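First residue of the sequence shown: 1, per the UniProt record's numbering; consecutive thereafter.
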Amino acid sequence: MPLNIEDYALIGDTQTAALIGSDGCIDWLCLPRFDSGACLTGLLGEPSNGYWSMAPAEEHRLLGRRYRPETLVLETDFGCDGGTVRVTDCMPVRDEHPDLVRRVEGLSGRVRMRTEAVVRPNYGDIVPWTRKYDRRLHFVAGPDALYLDSDIEFDVGERRLPSAEFSVGEGEHVDFRLAWVSPHGPPPERIDVAAAIERTATWWQRWAQRCAYDGPYRDQVVRSLITLKALTYSPSGGTVAAPTTSLPEKPGGGLNWDYRYCWIRDATFTLLALLNSGYEEEAAAWREWLLRAVAGEPAQMRIMYGIEGERHLPEVELDWLSGYAGSRPVRTGNQASRHWQLDVYGELMDALHQARNHGIPPEESVWELQCALMGFLEKHWRDPDNGIWEVRGRRRQFTHSKVMAWTAADRAVKAVEEFGLSGPVERWRRLREEIFDDVCENGFDPARGAFTQTYDSPAMDASLLQLPTLGFLPADDERMTGTVTAIREELARDGFLQRYTTGAGGADLDGLAPGEGAFLPCSFWLADNLVMQGRVEEGRELFERLLGLCNDVGLLSEEFDTRAGRLIGNFPQALSHIALINTAIHLQGTHGPVEQRARAGREDGGTG
Ligand SMILES: OC[C@H]1O[C@H](O[C@H]2O[C@H](CO)[C@@H](O)[C@H](O)[C@H]2O)[C@H](O)[C@@H](O)[C@@H]1O
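Here's what the structure looks like:
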């Protein structure tokens, strides 16, 4: 039986990441980048696909685990008859070699430990050539070469399953370091593991200290910010949606996607969360990534890119992997990269508007790009699209997508009005009004008093909760209060929200089998709406219930299975943590991200 998804913790070096179970086992590690082939892939298959365990050899129990305060350095404590022991894990912030370090420390008594380092490059497909030089193991497989240095000797065995047993007494320690090198590079020098851990802890603490939020949810906000920072590929500034692929939306099912890419949508929300938490530098780096990625013909803009802005992300099934809890297929790449999703234009225009509002220094090419995008949008906003949820059925007239087209027009108008940029503002004003009228006429069901998912169906969609946040209508407009009521009636599961209805009717929309859980970002958006409607305590109550879904180290995945009471989907998921940060700031009553976006849309009666 695999561990539950919530039993994992994240470590990373802002270029890649690993997941460590509460049993001390690393079951997921991609080197050297987030999107590289994993060399430990037990998470998505069998132990033979790679893992690195570290735990007492005899019967034992988990005493607790935690991150060191405001860091991404993980401590896991185990107890057994012989005594207690701590395993400290982290990925040092990148210098010469991508690496992961582990320190085992005796806390009391004497504990016999066992470790197994089954390195299997290319997503667990390859048994590497393994050589041993005293306390160093060398694994080679094609483009991957890894070195495992330790204070003890491993026994490699004939089956190339390196393992070791050793004991630690109180005050003693045993160190390990796994480093990746390019196969033609020189072997890495040995390092001082204790110093690397301290340096890494200090780096994260300094970073976390810049957090401007000082409200009652600071611990959760800082953990979420650290998670976002860990998911941001530092050389380019692009943020991956999650560090994993194919953790299922429904255990045992086929809704398994690769999230190790940068979605314009998710990255835009990240930018807003960072800006509002005091991280202007990261926000500026993100904007640079964005400009590089989308450079070129607006018609060729993608909804997602690789971490360096790559466009070719073909979806492939890894048939040698049995999947997390049998959830097949395991996929790499993402077919959604070929989608037409209208909302990304609005998200991009909004993000650049917010960046200007925050004083991120202007760049000449930015406005040029925005004008080109507007030209494209003017011609195409009426086209059906795949929508914010990336449905794989036929393209539709999604109400949320049209509202995002309105957002693009609105922010273009504001760029001229508020920042003195030049453009055909009259034309954009007319466009904004035309889209507004179109949405109110075709995307609103007067009988139900609610906006609907598409122009041709009465179904509800939680993305419509974004309308007041974007400034399309005030939250207390009766069309919005009606929409919130209808969304809760149709999509609430134990108080949390699904994105849309799957199953009868829904399966047709998606072209995929039904069965997903409550989508956590949408549930935070519901809390935002309640707060904006003045129902602050109701909003807070929902927010605190959502905080209760965080695992023991403060992490959230994309969805929650309300029946099983488990986190599901890729993990940890940036969108969920972004929504957490935004709602926490919103609840604090400052002019947080939600209100700022809403004001941006409303102030001049932008509703046409
Ligand atoms: O559920 C089907 C879709 O799931 C993924 O999309 C979701 O994740 C994206 C990244 O966080 C998010 O931007 C999107 O709004 C979500 O619906 C997956 O990438 C798609 O391929 C898949 O169709």
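Ideal Cβ placement from N, Cα and C applies to all residues, glycine included. As the structure is a computational prediction, the values presented were derived from the model and not from experiment.
Item: Opening and closing residue of the beta strand (DSSP E) in which histidine 97 lies; Value: Neither: histidine 97 is in no beta strand (DSSP E) and is coded neither H nor E.
Item: Near ligand 1: alanine 336 beta-carbon under 8 Å from a heavy atom; Value: yes
Item: Alpha-carbon spacing of alanine 408 relative to leucine 63, whole angstroms; Value: 51 Å
Item: Three-state secondary structure (DSSP) of proline 56; Value: strand
Item: Beta-carbon proximity check, proline 162 vs glycine 37, cutoff 9 Å; Value: no
Item: Opening and closing residue of the alpha helix (DSSP H) in which arginine 488 lies; Value: 478-491
Item: With 16 other Cβ atoms within 10 Å as the buried cut-off, status of phenylalanine 571; Value: buried
Item: For phenylalanine 519, three-class secondary structure by DSSP; Value: strand
Item: Aspartate 266 beta carbon near ligand 1 (any heavy atom closer than 8 Å); Value: yes
Item: Rounded separation between leucine 10 and histidine 97 - CA only; Value: 19 Å
Item: Buried or exposed by the 16-neighbour rule on C-beta atoms within 10 Å, applied to alanine 295; Value: exposed
Item: heavy atom of ligand 1 below 8 Å from valine 391 C-beta; Value: yes
Item: Cysteine 262 - partner residues in DSSP beta bridges; Value: Tyr305
Item: Backbone CA spacing between threonine 130 and glycine 42 [nearest angstrom]; Value: 19 Å
Item: For histidine 173, three-class secondary structure by DSSP; Value: strand
Item: Buried versus exposed call for glutamine 209 [16 or more other C-beta atoms within 10 Å across all chains shown]; Value: exposed
Item: Element boundaries [beta strand (DSSP E), containing cysteine 39]; Value: 38-40
Item: Supposed contact pair glutamine 573 and leucine 549 - C-beta distance, whole angstroms, cut 8 Å; Value: That pair is no contact at about 12 Å.
Item: Reference threonine 483; option with closest CA among Arg493, Gly495, Gln466; Value: Gln466
Item: Per-residue burial, aspartate 95 [other beta carbons within 10 Å of its own, 16 or more giving buried]; Value: exposed
Item: Buried or exposed (CB count within 10 angstroms, at least 16 for buried), threonine 239; Value: buried
Item: Proximity to proline 56 [Cα-Cα], best of Gly589, Glu541, Cys39, Ser22; Value: Ser22
Item: For leucine 313 and tyrosine 261, believed in contact at Cβ under 8 Å, the rounded distance; Value: 6 Å
Item: Below-9 Å beta-carbon distance, arginine 265 vs any chain D residue; Value: Absent from the structure: chain D. Only one protein chain is present.
Item: According to DSSP, residues forming a beta bridge with threonine 130; Value: Phe139
Item: Own chain partners of glutamate 378 with C-beta closer than 7 Å, once the 5 adjacent residues on each side are dropped; Value: Leu431
Item: Where phenylalanine 154 falls, given that 16 or more other Cβ within 10 Å makes a residue buried; Value: buried
Item: Glutamine 573 CB to nearest heavy atom of ligand 1 below 8 Å; Value: yes
Item: Leucine 547 beta carbon near ligand 1 (any heavy atom closer than 8 Å); Value: no
Item: Cysteine 30 - containing beta strand (DSSP E), residue span; Value: 26-30
Item: Beta-bridge partners of tryptophan 180, as assigned by DSSP; Value: Leu146
Item: DSSP state of valine 403 mapped onto helix, strand, coil; Value: helix
Item: Every unbroken alpha helix (DSSP H) within the stretch 341-399, with a cutoff of 4 residues, ordered by chain; Value: 343-357, 364-380
Item: Valine 181 versus proline 143 - alpha carbon distance; Value: 9 Å
Item: Cβ neighbours of glycine 589 in the same chain (closer than 8 Å, five flanking residues each side left out); Value: none
Item: Extent of the continuous alpha helix (DSSP H) to which tyrosine 123 belongs; Value: 121-124
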